[in-house]
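Everything below concerns the one structure shown next.
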């Protein structure tokens, strides 16, 4: 485990490391910068869009720089594919020097599989389990494939974050406003209309005097 | 096999949950036991999954900000701040500097009240209720100040996309300083009662250990990671809001204790020292507070209109009292986001329960589970299954076991 980085690379250099190693496997890369506060110190996010087959190798490459902290894996249904974003951070423990590195892979709807990275970062299994149940993807080689957040009685084949026919059907959504008031309860007290309340108020004041 | 032989068969399984006294929200634990010792631990969260992300993808970001306030009852500002920062980045909004400072001040007050709340819970789990009452009484001072500043004790509703909804005007500074002074004066008392107490030492030292390697491998965050020696604090590492301007150093146990053991005791040390650090951060913020606007755009209709022009994806991060909060937002020119992923700090910390719990005793479960400060909730029933015989242990039973262990150690 590389717990202390040999050298702190700049965000451009980090991108260059991946470009050198994977060539055209890195389809797109960009660096976003955010400056806040009075001092306007920059914080950097690095986004790398890579081929699905390179995911495992890319995480290993990242581990060569610094053992990455995996924040979370997020996912989006973009129509003909499901995109997964692996949000890592490296160089934590360096004052103002941490970068977020997001690896994005696209899983075409015809082949919704992705290799596990839990063999490299055991904690990733938590987020991988969530992606399986929420997006209906298959993480190949996942050490623990059970559901995580969804209840046992949740129907198979329904994936809450999907935007196609496998998403949550309208029949499963309960609109709170449409539920109405239970019939077996007493009628709630009625508010006094404003006009009447205004009339009553001066009378009360007189009584106090 | 006779009935007697069956009874002696080990290991046996104890499920704890889905509701449990040591937690603030339900989670289901299954323990494989050999006598009093835990051989294997497993857990199933999601007992109160509300589908907030699904709800959010059908609402606009101004509405979602108020939804994020309600993700957690204690982290009233962490999620809103992380979410708002993600949206601001997509929309390329420049947040006024004063708003950055107000955000940092309220986030630090949140840390003070959250860590004190946790310290009280920890004391209670050990059977030290006097200390629970003391910490929760002194915590009220922070709650009162938060109410004075935002109007609410919880669900502050202070964050808006592009800034904050309320100014901390200079006439409030004396009240803030008075509150900070109150905690500064208390500091030595709190450190003494928690760190020099014999009972706490006996129950927490070398109990529920998380090694440095495990903390990294299991993606642990916040005080739980720092107590294991992992130097990781979003406020220091990744400048945002006012934090980039301030002098802050991460709190690590070896600086105070001379060594890092990664046990429950170290987690107490880190959290108590962070209360002191928060006092210092609020003071630094008040000293440097720039004047000016507090919100990028006051008219909600104008903000909503901007969402329809927003394209892109961004991450919003914040160091919540329990660790890194991360929100991923993706907008595709519609009023509502295409994707929204909420990563709460406890999401990263739950996996660390397993190495902490394995090898420990039943009576240590409450304090170890509580030691990562899980954001899950509490009630009072535990089912125990022993060779098919099902008995129910109440909150009182489990608590009694924990108190009995303390007594045993004292004898």
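Protein chains in written order, with our numbering: chain B, 1 to 209; chain S, 1001 to 1411. By construction, the Cβ of each residue, glycine as well, lies at the ideal position given by its N, Cα and C atoms. Since we're looking at a predicted model, the values are computed, not measured.
Is there a C-beta anywhere in chain S that falls below 9 Å from the one on residue i?
i                      : result
residue 29 of chain B  : no
residue 85 of chain B  : yes
residue 7 of chain B   : no
residue 36 of chain B  : yes
residue 56 of chain B  : no
residue 116 of chain B : no
residue 76 of chain B  : yes
residue 81 of chain B  : no
residue 261 of chain B : Not covered by the structure: residue 261 of chain B. The range shown for chain B is 1 to 209.
residue 119 of chain B : no
residue 95 of chain B  : yes
residue 89 of chain B  : yes
residue 40 of chain B  : yes
residue 155 of chain B : no
residue 124 of chain B : yes
Since residue i is in the beta strand (DSSP E), which residue starts that stretch and which ends it?
i                       : result
residue 1057 of chain S : It is not in any beta strand (DSSP E) - residue 1057 of chain S carries neither H nor E in the DSSP assignment.
residue 43 of chain B   : 41–50
residue 1340 of chain S : 1339–1343
residue 1335 of chain S : It is not in any beta strand (DSSP E) - residue 1335 of chain S carries neither H nor E in the DSSP assignment.
residue 1358 of chain S : Unbroken run through residue 1358 of chain S: none, as it is neither H nor E.
residue 1012 of chain S : 1012–1016
residue 10 of chain B   : Run containing residue 10 of chain B: none; DSSP gives neither H nor E here.
residue 36 of chain B   : 26–36
Would residue i count as contacting chain B if we go by Cβ distances under 9 Å?
i                       : result
residue 1338 of chain S : yes
residue 1153 of chain S : no
residue 1317 of chain S : yes
residue 1241 of chain S : yes
residue 1402 of chain S : no
residue 1049 of chain S : yes
residue 1149 of chain S : no
residue 1290 of chain S : yes
residue 1373 of chain S : no
residue 1271 of chain S : no
residue 1015 of chain S : no
residue 1245 of chain S : yes
residue 1353 of chain S : no
Would you identify the three-state DSSP class for residue i, choosing helix, strand or coil?
i                       : result
residue 1266 of chain S : helix
residue 1231 of chain S : coil
residue 1170 of chain S : helix
residue 1040 of chain S : strand
residue 195 of chain B  : helix
residue 1087 of chain S : helix
residue 102 of chain B  : strand
residue 77 of chain B   : strand
residue 1047 of chain S : coil
residue 1323 of chain S : strand
residue 1019 of chain S : coil
residue 159 of chain B  : coil
residue 1068 of chain S : helix
Output the distance between the C-alpha atoms of residue i and residue j, rounded to the nearest integer angstrom.
i                       : j                       : result
residue 204 of chain B  : residue 190 of chain B  : Low per-residue confidence applies at residue 204 of chain B: pLDDT is 49, beneath 50, and the placement is therefore not dependable, though the value from the model is reported in the following sentence. C-alpha separation (whole angstroms): 21 Å.
residue 1246 of chain S : residue 36 of chain B   : 12 Å
residue 1330 of chain S : residue 1172 of chain S : 38 Å
residue 105 of chain B  : residue 1120 of chain S : 44 Å
residue 1141 of chain S : residue 1175 of chain S : 11 Å
residue 1237 of chain S : residue 180 of chain B  : 50 Å
residue 1165 of chain S : residue 1102 of chain S : 10 Å
residue 46 of chain B   : residue 1088 of chain S : 17 Å
residue 1039 of chain S : residue 1228 of chain S : 22 Å
residue 170 of chain B  : residue 1072 of chain S : 27 Å
residue 1014 of chain S : residue 17 of chain B   : 49 Å
residue 990 of chain S  : residue 1352 of chain S : This structure leaves residue 990 of chain S out entirely; chain S is present only between 1001 and 1411.
Between which two residues does the alpha helix (DSSP H) harbouring residue i extend?
i                       : result
residue 1305 of chain S : 1300–1307
residue 81 of chain B   : Where residue 81 of chain B is concerned, there is no enclosing alpha helix (DSSP H), although the beta strand (DSSP E) it sits in stretches over 81–90.
residue 56 of chain B   : 55–65
residue 1147 of chain S : 1129–1150
residue 1315 of chain S : Residue 1315 of chain S -> not in any alpha helix (DSSP H); beta strand (DSSP E) instead, spanning 1311–1320.
residue 1109 of chain S : 1097–1125
Verify the contact flag: residue i, CB atom, against every heavy atom of the ligand FAD, threshold strictly below 8 Å.
i                       : result
residue 1061 of chain S : The ligand FAD is absent from the structure shown, which contains no ligand whatsoever.
Measure the beta-carbon distance from residue i to residue j and round it to whole angstroms, keeping in mind my assumption that it falls under 8 Å.
i                       : j                       : result
residue 1045 of chain S : residue 154 of chain B  : About 14 Å; that fails the 8 Å criterion.
residue 1117 of chain S : residue 1318 of chain S : Rounded, the Cβ-Cβ distance is 19 Å, inconsistent with contact.
residue 1363 of chain S : residue 1405 of chain S : 4 Å
residue 1195 of chain S : residue 1269 of chain S : 7 Å
residue 133 of chain B  : residue 147 of chain B  : 5 Å
residue 1203 of chain S : residue 1272 of chain S : With a Cβ gap of about 16 Å, residue 1203 of chain S and residue 1272 of chain S do not count as contacting.
residue 1316 of chain S : residue 1083 of chain S : 6 Å
residue 111 of chain B  : residue 164 of chain B  : Their Cβ separation, rounded to whole angstroms, is 15 Å, which puts residue 111 of chain B and residue 164 of chain B out of contact at 8 Å.
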